[in-house]
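Visitor: Numbering (our numbering), first residue to last: 703 to 875. For glycine and all other residues, C-beta sits at the position ideal for the given N, C-alpha and C. Owing to the predicted nature of the structure, the values given are computational and were not obtained by experimental measurement.
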Amino acid sequence: MNIRERYSIECTINIFTLHPNKTSVQLSYWFLGGIIAGLAVLMFFENQLDETMYWAICILLIYFVLHSFYDIKIGSKIHYIFDVSTNSVYKKHPLFSRKKIMKLNEAVIFTHSEMGSWYYALGADKSQFVKNYKISEGFSSGRKSGEIQKAYENFILQKIEQLIAKVHLELNN
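1. Just list the residues that DSSP pairs Phe-841 with in beta bridges.
2. Does DSSP classify Ile-711 as helix, strand or coil?
3. Between the beta-carbon of Val-767 and the beta-carbon of Leu-797, is there less than 8 Å?
4. Would DSSP call Asn-723 helix, strand or coil?
5. Strictly by DSSP, which residues pair up with Thr-813?
6. In angstroms with no decimal places, state the Cα-to-Cα distance between Ile-803 and Asn-834.
7. Round the Cβ separation of Ser-778 and Lys-836 to the nearest angstrom and send it over; I've been treating them as touching at under 8 Å.
8. Is there at least one Cβ from chain B nearer than 8 Å to Asn-856's Cβ?
9. Using a Cβ-Cβ cutoff of less than 6 Å, which residues in the same chain neighbour Gly-825 once the five nearest sequence positions on both sides are dropped?
10. Measuring CA to CA, which of Pro-722, Gly-740 and Lys-828 is closest to Lys-805?
11. Per DSSP, which residues does Phe-784 bridge with? Please list them.
12. Looking only at its chain, what residues have a beta carbon closer than 6 Å to the beta carbon of Ile-780, apart from the 5 residues adjacent to it on each side?
13. Applying the criterion that 16 or more other CB atoms from any shown protein chain within 10 Å of the CB defines a buried residue, is Glu-839 buried or exposed?
14. What is the rounded straight-line gap between the Cα of Gln-830 and the Cα of Lys-793?
15. Does Ile-761 pass the burial test, meaning 16 or more other C-beta atoms within 10 Å, or should it be called exposed?
16. When the distance is taken between beta carbons, is Leu-744 closer than 8 Å to Leu-763?
So, in structure tokens, the structure goes:
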């Protein structure tokens with residue numbers, strides 16, 4: 703799968719659209735399958751568990767099922783739109799309308815690390831560490847992850863940086 707398909711990229715001269723959470727859908731399906739298997743095992747051992755413990759585990763597993771469904775049906779459809787003509791970065795959520803999150807000329811891309819992996823994040827210039835948005839999948843030190851990271855940097859980051867430079871040129875003229 704190439705980088706365009708991996709992130710459902712839509713690209714025109716002045717607009718670039720990116721679905722950063724699309725890559726986690728497969729993992730969510732596996733997680734959901736494991737949870738359903740866990741529910742089946744829990745039903746098998748219902749008589750061996752205390753009633754309080756049984757219901758506590760059931761509630762946790764149901765929460766994880768709902769969270770997985772959210773990731774699959776809603777979270778994977780969240781996307782970011784970089785628009786040069788309006789000098790804006792928008793976040794589009796399936797349940798809400800398109801929301802402007804920052805000006806494109808103030809956008810800063812940086813790396814953010816979390817529990818042994820890292821990802822690219824997007825934030826406004828002076829507040830990027832206060833409020834930021836994840837725009838890539840998590841990368842690790844493996845060979846396959848390194849190849850995906852290089853493809854991400856060479857296509858997606860390069861395109862976003864070109865759009866930011868284009869906005870700076872238009873604002874300076």
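Guide: Once the coordinates are examined:
1. Bridge partners of Phe-841 according to DSSP: Trp-820.
2. Per DSSP, reduced to three states, the secondary structure at Ile-711 is coil, with no helix or strand assignment.
3. One thing to note: Val-767 has its Cβ no nearer than 8 Å to the Cβ of Leu-797.
4. Looking at Asn-723 - three-state DSSP - the assignment turns out to be coil, as it is neither helix nor strand.
5. Thr-813 pairs with Tyr-822.
6. Distance between the alpha carbons of Ile-803 and Asn-834: 10 Å.
7. So it is not a contact: roughly 13 Å between Cβ atoms.
8. The structure shown contains no chain B; it is built from a single protein chain.
9. Closer than 6 Å at Cβ, skipping near neighbours: Val-810 and Asn-834.
10. When each option's Cα is compared against that of Lys-805, the closest is Lys-828.
11. Answer is Phe-718 and Val-791, bridged to Phe-784.
12. Closer than 6 Å at Cβ, skipping near neighbours: Asn-723 and His-795.
13. Result: buried.
14. Each residue's Cα considered, the two are about 16 Å apart.
15. Exposed, since its Cβ has fewer than 16 Cβ neighbours within 10 Å.
16. In this structure, the beta-carbon distance from Leu-763 to Leu-744 falls below 8 Å.
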